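In our numbering, the protein residues as written are 1001 to 1209.
Glycine is no exception: its CB is placed at the ideal position from the N, C-alpha and C atoms.
In this text the structure is predicted, and so the values were computed from the model without any measurement.
Encoded as structure tokens, the structure appears first; notes follow it.
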């Protein structure tokens, strides 16, 4: 195992300790900035509607624009959505920089599914995944920035924005700076271009296998 792989398998103890503190803050109703493989995010726990409202206030986000839900794995994501056959074809992109907007289950919290649809993403970043694991697998998330401004791409940028109760380090895995692609299902419409190309998605969705 090379040094990079070893670092991925064995994160530094202080990295883990900071994730533990951030998880405790989220479970208590706080807001936390965290790294992902795309840009830095801002998170609140879905069990705390007041925390989600605070996330909107800190960001200055239009109340009509939904947040997405970051998920630990596909099993966690499926707790929120109606069965969607196309998701199996998109498996190669999850985890990864793809957000899927799809019909939600009737019991999905309305804060997460305005209009009956929920946006889901499975991040591919060790810090984000460790945080999700500690809070039950789901977080309400948005990019770490004030509305209309660029998203933070580094710990220093996220810290200087001062939007949450804690800012997590990236653990040596920097954000790439390209947002996730947003795909609407079952229509197959791309709502935002991003790291996964339209060509890749069209090929996956039409693959007869």
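* Asked: Buried or exposed: where does residue 1197 fall if 16 or more other Cβ atoms within 10 Å of its Cβ makes it buried?
  -> exposed
* Asked: According to DSSP, is residue 1064 helix, strand or coil?
  -> coil
* CB residue 1039 to CB residue 1143, shorter than 8 Å? -> yes
* Distance CB(residue 1087)-CB(residue 1046) smaller than 8 Å -> no
* Do you know how far the Cα of residue 1082 is from the Cα of residue 1179? -> 25 Å
* Asked: According to the neighbour-count rule (16 or more other Cβ atoms, all chains shown, within 10 Å of its Cβ), is residue 1059 buried or exposed?
  -> buried
* Going along the chain, which residues of its own chain have a beta-carbon closer than 8 Å to the beta-carbon of residue 1104, five neighbours each way excluded? -> 1080, 1081, 1082, 1112, 1113, 1116, 1117, 1118
* To do: Could you please give the first and the last residue of the uninterrupted beta strand (DSSP E) stretch that includes residue 1120?
  => 1117-1121
* To do: With distances taken Cα to Cα, identify the nearest neighbour of residue 1176 among 1199, 1023, 1041, 1072.
  => 1041
* To do: Give every residue of the same chain whose Cβ lies closer than 6 Å to the Cβ of residue 1044, excluding the five residues on either side of it in the sequence, and list them in chain order.
  => 1031, 1051, 1052, 1055, 1140
* Asked: When the Cα atoms are used, what is the spatial distance from residue 983 to residue 1149?
  -> The displayed coordinates of the chain run from 1001 to 1209. Any statement about residue 983 would go beyond what the structure contains.
* Rounded distance between the beta-carbons of residue 1152 and residue 1019, thought under 8 Å -> Actually they are not in contact, since the Cβ atoms of residue 1019 and residue 1152 sit about 18 Å apart, beyond 8 Å.
* Same chain only: Cβ atoms within 6 Å of residue 1167, ignoring 5 sequence neighbours per side -> 1033, 1158, 1159
* **Through-space distance from residue 1182 to residue 1077, alpha-carbon basis** => 16 Å
* To do: Taking only the alpha-carbon atoms, compute the straight-line gap between residue 1125 and residue 1023 and give it to the nearest angstrom.
  => 16 Å
* **Best match in 1110, 1099, 1029, 1171 for proximity to residue 1063 [C-alpha to C-alpha]** => 1110
* Asked: Of the residues 1163, 1123, 1098, 1106, which one's Cα is nearest the Cα of residue 1191?
  -> 1098
* **Minimum length 3: unbroken beta strand (DSSP E) runs contained in the stretch 1034-1120** => 1041-1044, 1068-1071, 1098-1103
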